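What follows is a set of notes on a single structure, which appears directly below.
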Amino acid sequence: MRRSSRSCKRNGRWSSRELADRRNAERDRELSERATTDPLTGLLNTRWLREAGERELAQSLRSGQPLAILLLDLDEFKQINEAAAMAPATSCFAGWVRHSAA
Numbered sequence: 619m620r621r622s623s624r625s626c627k628r629n630g631r632w633s634s635r636e637l638a639d640r641r642n643a644e645r646d647r648e649l650s651e652r653a654t655t656d657p658l659t660g661l662l663n664t665r666w667l668r669e670a671g672e673r674e675l676a677q678s679l680r681s682g683q684p685l686a687i688l689l690l691d692l693d694e695f696k697q698i699n700e701a702a703a704m705a706p707a708t709s710c711f712a713g714w715v716r717h718s719a720a
């Protein structure tokens, strides 16, 4: 059984093991975020989509609720990206995604 973070403090201090556990948890969170986020856009990537899709499909099968998936394909985005230079096109794409999600 895991103790709450409040009960882990002794005399207002964390033990070296508890500090190491906290550092490891933070490092794991950062690695997970890096693995599921595109570094150029800051948007969630296909790895995240695959993992989320598996979770949502499993939930849908357990609950019997329907599952809908929407995929968009931006025609000729590669050509836009190359013509406009990668950074501005990537920034434009990321802004479009964020605006669409709002």
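Residue numbers (the numbering used here): 619 to 720. C-beta: ideal position from N, C-alpha, C; glycine also. The model shown is predicted, which means the values in this text are computed figures rather than measured ones.
Item to check | For residue 662, the three-state DSSP class (helix, strand or coil) | outcome: It is a strand residue.
Next on the checklist: Less than 8 angstroms between C-beta atoms, sequence neighbours within five positions excluded: which residues of the same chain meet that for residue 655?
Outcome noted: These residues qualify, in order along the chain: 661, 662, 663, 666.
Next on the checklist: For residue 717 and residue 638, what's the separation of their Cα atoms in angstroms?
Outcome noted: Whole-angstrom Cα-Cα distance: 40 angstroms.
Next on the checklist: On the DSSP letters alone, give me the boundaries of the alpha helix (DSSP H) that residue 635 sits inside.
Outcome noted: Counting along the chain, the alpha helix (DSSP H) containing residue 635 begins and ends at 634-654.
Next on the checklist: Please identify the residue among 690, 695, 700 whose C-alpha is closest to the C-alpha of residue 719.
Outcome noted: The shortest Cα separation from residue 719 among 690, 695, 700 belongs to 690.
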